[in-house]
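To keep things clear, I will list the structure first and then write my remarks on it.
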Amino acid sequence: MSRYHSPRELAHAVQQAAPVQLGILLYSTERPDTTPVWLLPDSYENPAHHRAKFGLWPWGEAGDQVFVQWCVEKGVEGTAAPHFPASDILAARWAWPDFLAQARNRTFDARLKEAEARVGQSLTVRLQVFTATPGRSRDYAGRESQTVVWQTRQGRLVAQESSGTRLFHEQFPDAPDVRTLILLLSQMDAPDWCWIDFGVGVVLPLHQDTWEAQAIYDRILAPWADLTVAQTP
Numbered sequence: 001m002s003r004y005h006s007p008r009e010l011a012h013a014v015q016q017a018a019p020v021q022l023g024i025l026l027y028s029t030e031r032p033d034t035t036p037v038w039l040l041p042d043s044y045e046n047p048a049h050h051r052a053k054f055g056l057w058p059w060g061e062a063g064d065q066v067f068v069q070w071c072v073e074k075g076v077e078g079t080a081a082p083h084f085p086a087s088d089i090l091a092a093r094w095a096w097p098d099f100l101a102q103a104r105n106r107t108f109d110a111r112l113k114e115a116e117a118r119v120g121q122s123l124t125v126r127l128q129v130f131t132a133t134p135g136r137s138r139d140y141a142g143r144e145s146q147t148v149v150w151q152t153r154q155g156r157l158v159a160q161e162s163s164g165t166r167l168f169h170e171q172f173p174d175a176p177d178v179r180t181l182i183l184l185l186s187q188m189d190a191p192d193w194c195w196i197d198f199g200v201g202v203v204l205p206l207h208q209d210t211w212e213a214q215a216i217y218d219r220i221l222a223p224w225a226d227l228t229v230a231q232t233p
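Under full-length UniProt numbering, think of the first position of the sequence shown as 1, with each following residue one higher.
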């Protein structure tokens, strides 16, 4: 067992345990011990919204947990694109289109079930949808947002909580699988202006004994490692 006191500390431990070279990106360098952290293989640029990656995000109101996840983002597009920097605009090189393709043909749901069996417990799945705001911080939460959290049961989604300031789609919590969730995302109003974060993983405690970094990589992150490879434009 090991004990970690911040997502950053855990990220460095996972970095040492991983069989491939991983770089570390902090969401905010001004608050390094409480900020979300990403781990990415290969060379990468910052910002790296276009990449699927491993994320270690603070979890819970007290910040005493961490969400260890594979995650992917959708940027702005279409009518919203002229109002944002190129790094925020969804394009062919982004991981998001590949994620959509795997979700639509049920490949992702099959992977989800296999990953749940590998970790030996339910996985946490989280969707966050935000309205992007030009000229503002990328921290869109609290403006117009919807967050839904599920637990998996043999690959099926079971809603645990839903919150936010806007309902982008009232049926999100009822989605039984990721394929259905992607269909609901396609039905949203004004999708061009929507920023989306999607992640799947396990919530672990901070400041308490938990898994060794090697087990965290092998059991939680390794099943998704191939999806973190950079997309070819």
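Glycine included, C-beta positions come from ideal geometry on N, C-alpha and C.
Quick caveat, the model's predicted, so the values are computed rather than measured.
Whose C-alpha, out of His169, Phe84 and Ala81, is nearest the C-alpha of Gln128?
Residue 128 sits at position 128 when you count from the first residue of the sequence shown. Checked all of His169, Phe84 and Ala81; the closest Cα to Gln128 is His169.
In chain order, which alpha helix (DSSP H) runs of at least 4 residues are fully inside the segment 41-92?
Counting whole runs of 4 or more residues, the segment 41-92 contains no alpha helix (DSSP H) stretch at all.
Decide if the segment 59-69 is in contact with the segment 39-48; the criterion is three or more beta carbon pairs, one per stretch, under 8 Å apart.
At 8 Å Cβ cutoff, the stretches do not touch.
Grouping DSSP H, G and I as helix and E and B as strand, with all else coil, what is Trp150?
For the purposes of this step, residue 150 is taken as the residue at position 150 of the sequence shown. In the structure shown, Trp150 sits in a strand (DSSP, three-state: E or B).
Given Ser145, which residues of its chain have a CB within under 7 Å of its CB, disregarding the five upstream and five downstream residues?
On the sequence shown, position 145 is the one that residue 145 refers to. Gln128, Val129, Phe130, Gly164, Thr165 and Arg166.
For the beta strand (DSSP E) containing Val158, list its first residue and its last residue.
Translated into the one-based positions of the sequence shown, residue 158 becomes position 158. Looking at the DSSP string, the run of the beta strand (DSSP E) that includes Val158 is Arg156 to Gly164.
For the alpha helix (DSSP H) that Trp96 lies in, which residues bound it at each end?
Stepping through the sequence shown from its first residue, residue 96 is reached at position 96. Segment Trp96 to Arg104, the alpha helix (DSSP H) holding Trp96.
For the segment 43-51 against the segment 91-102, do three or more pairs of beta-carbon atoms, one drawn from each stretch, fall closer than 8 Å, so that the two count as touching?
Counting Cβ pairs under 8 Å, three or more are found: they touch.
Please state the DSSP three-state secondary structure of Pro19.
Locating residue 19 in the sequence shown gives position 19, counting from the first residue. Correct three-state label for Pro19: coil.
With distances taken between CB atoms, is the gap from Ile220 to Gly201 smaller than 8 Å?
Mapped onto the sequence shown, residue 220 falls at position 220. Mapped onto the sequence shown, residue 201 falls at position 201. Taking 8 Å as the Cβ cut-off, Ile220 and Gly201 qualify as a contacting pair.
Closest by CA to Gly34, which one among Trp59, Val72, Asn46 and Gly135?
Here the question's residue 34 lines up with position 34 in the sequence shown. One detail in the question is off: residue 34 reads as Thr in this sequence, not Gly. Checked all of Trp59, Val72, Asn46 and Gly135; the closest Cα to Thr34 is Trp59.
Just checking, does the segment 189-197 make contact with the segment 110-119 on the three C-beta pairs under 8 Å criterion?
The segment 189-197 vs the segment 110-119: no contact.
Under 8 Å: do the segment 199-218 and the segment 179-189 share three or more Cβ pairs, one atom per stretch?
Short answer: they don't touch.
Taking 8 Å as the cut-off, does the segment 67-79 touch the segment 210-227 (at least 3 CB pairs, one atom from each stretch)?
Yes, they touch.
Report the rounded CA-to-CA distance for Val149 versus Leu184, giving the unit in angstroms.
By 1-based counting over the sequence shown, the position of residue 149 is 149. By 1-based counting over the sequence shown, the position of residue 184 is 184. If you take the alpha carbons of Val149 and Leu184, they lie about 15 Å apart.
When burial is assigned at 16 or more other CB atoms within 10 Å of the CB, is Val20 buried or exposed?
For the purposes of this step, residue 20 is taken as the residue at position 20 of the sequence shown. So Val20 ends up on the exposed side.
Is it buried or exposed for Arg8, if we count other Cβ within 10 angstroms and need 16 for buried?
Walking along the sequence shown from the start, residue 8 turns up at place 8. That one is buried.
If I'm right that Arg143 touches Thr133 with Cβ under 8 Å, what's the distance once you round it to whole angstroms?
Residue numbering aside, residue 143 sits at position 143 when the sequence shown is read from its first letter. Residue numbering aside, residue 133 sits at position 133 when the sequence shown is read from its first letter. Confirmed, about 6 Å.
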